[in-house]
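Participant:
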Amino acid sequence: MQNLEQLELQFQAKIDAEIKIEPKDWMPEAYRKTLIRQISQHAHSEIVGMLPEGNWITRAPSLRRKAVLLAKVQDEGGHGLYLYSAAETLGIDRDTLIHDLHSGKAKYSSIFNYPSLTWADMGAIGWLVDGAAIMNQVMLCRTSYGPYARAMVRICKEESFHQRQGYEIMLTLAQGSPEQKRMAQDALNRWWWPSLMMFGPPDSESTNSEASIKWKIKRMSNDELRQRFVDATVPQAELIGLKVPDKDLKWNEERGHYDFGALDWDEFWAVVKGNGPCNKERLEQRVKAYEDGAWVREAALAHAEKKKERAEKVGAVA
Ligand code: BYC
29 MQNLEQLELQ
39 FQAKIDAEIK
49 IEPKDWMPEA
59 YRKTLIRQIS
69 QHAHSEIVGM
79 LPEGNWITRA
89 PSLRRKAVLL
99 AKVQDEGGHG
109 LYLYSAAETL
119 GIDRDTLIHD
129 LHSGKAKYSS
139 IFNYPSLTWA
149 DMGAIGWLVD
159 GAAIMNQVML
169 CRTSYGPYAR
179 AMVRICKEES
189 FHQRQGYEIM
199 LTLAQGSPEQ
209 KRMAQDALNR
219 WWWPSLMMFG
229 PPDSESTNSE
239 ASIKWKIKRM
249 SNDELRQRFV
259 DATVPQAELI
269 GLKVPDKDLK
279 WNEERGHYDF
289 GALDWDEFWA
299 VVKGNGPCNK
309 ERLEQRVKAY
319 EDGAWVREAA
329 LAHAEKKKER
339 AEKVGAVA
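The sequence shown begins at 29 in the working numbering and counts up one residue at a time.
1) At the level of alpha carbons, what is the spacing between Glu333 and Lys242?
2) Once DSSP output is grouped into helix, strand and coil, what is the label at Trp54?
3) Nearest chain D C-beta to Ala88 closer than 7 Å, yes or no?
4) Smallest Cα separation from Leu118: which of Pro56, Lys308, Leu168 and Phe288?
5) Let me know the secondary structure DSSP gives Gln142 once reduced to three states.
6) Starting from Asp121 and walking both ways along the alpha helix (DSSP H), at which residues does that stretch end?
7) Taking only three categories from DSSP, how would you classify Asn164?
8) Can you give the beta carbon distance from Ile120 to Tyr173, rounded, assuming they're within the 8 Å contact cut?
9) Does the segment 286-299 come close enough to the segment 43-50 that 3 or more CB-CB pairs lie under 8 Å?
10) Along the chain, which unbroken stretches of the alpha helix (DSSP H) at least 4 residues long are found entirely within the segment 220-286?
11) For Pro89, which residues in the same chain have their Cβ closer than 8 Å to its Cβ, ignoring the five residues on either side in sequence?
12) Any chance the CB of Glu340 is under 6 Å from a heavy atom of ligand 1?
13) Looking at the structure shown, is Tyr136 part of a helix, part of a strand, or coil, going by DSSP?
14) Span of the alpha helix (DSSP H) holding Cys184?
15) Just checking His70 against ligand 3 - is the residue's beta carbon closer than 6 Å to any of the ligand's heavy atoms?
16) With respect to the alpha helix (DSSP H) encompassing Ser205, which residues constitute its N-terminal and C-terminal limits?
17) Output needed for Trp279: all residues of its chain with C-beta closer than 7 Å, excluding positions within five of it in sequence on either side, in chain order.
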């Protein structure tokens, strides 16, 4: 019988050798716990993230825009389901996860607690929010836990379509009437800073990063990913004639990166703690959708039960 220390050494050696950890492999409890935390937060973000855009499906300006937006929001529901399944492979059940979301115990991404006020917000969400999500999720395709990494590969393919559809909306508005251009600029102004906050607190305050990087759950730090996002996105804004709302934004030749202004971390923590502009509304909507869907879950269970009984009867006769 191996002792805990040996098991931990073997586990870390596997991680260092880039061998994926699979559900039945031995893993330290803290690794299991942090994965359940991150994957379930990620799943909750996907399904709560359906709400700001769902708000605009019936008001999309054309049939084409409506079909595309509908497909995108459905993709997000699908991402949530892959991720809940990945979390379940770690020994937690879905009811517990959903209960923690509904009771306010579980976190989900801060970004989805901001309102989507105009059609241009659909552009800004796709371009900036999905853009930030991809920056983070490309790294997660190589995360050390097999089921999470495999789910992320599929999710990333869909996210890149989401990002492009958002940028295309912004491009169309930016080339449109002065009023449409103003709408696009206003959406960029409101979504820019919250999008930068999606990457999490500064590295100096990121309590989970050290362990997650050692275990290769995360492969880049919050600040590194945030910088990458700024570097990639500023030229995209310039290309369509929009201005990033940051007076301190400046290309730094020496660093080979943009310098950018300070984020309002008080706002970030207020939103994370439940006091953002839409936290209450988002949770209420999720709880209502869950309660309204109870009959579907009950019917599916009753059907499965009947199927099993029938199979047992056939088996008994044969
Ligand atoms: N919002 O130690 P840290 C999408 C929490 S959805 C709220 O750095 P970590 C989409 C953090 O949980 C994609 N809370 O944490 C869907 C921790 O608290 P706990 C969403 C945040 O985990 C629909 C504390 O702050 N993506 O694409 O090492 C439409 C300290 O942070 C946030 C993911 O979920 C935040 N922004 O790093 C459109 C990606 N940031 O848990 C698009 C998966 C931090 O200790 N997650 N906190 O109580 C991750 O990669 C990592 O969890 C993070 C944070 C980089 C987000």
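Heads up, the beta-carbon is just placed ideally off N, CA and C, and yes, glycines get one too.
Being a predicted model, the structure only gives us computed values, none of them experimental.
Facilitator: On the basis of the supplied data:
1) 45 Å
2) coil
3) Checking the listed chains, one finds no chain D in this structure; it contains a single protein chain.
4) Among Pro56, Lys308, Leu168 and Phe288, the Cα nearest to that of Leu118 belongs to Pro56.
5) Note on identity: in this sequence residue 142 is Tyr, with Gln being the wrong assignment. Residue state, collapsed to three classes: coil.
6) Here Asp121 belongs to no alpha helix (DSSP H), and DSSP marks it neither H nor E.
7) helix
8) Not confirmed; about 14 Å, so no contact.
9) no
10) 237-242 and 250-267
11) Trp147
12) no
13) coil
14) Gly174 to Ala202
15) Among the ligands modelled here, namely ligand 1, ligand 3 does not occur.
16) Unbroken run through Ser205: none, as it is neither H nor E.
17) Answer for Trp279: Tyr286, listed in chain order.
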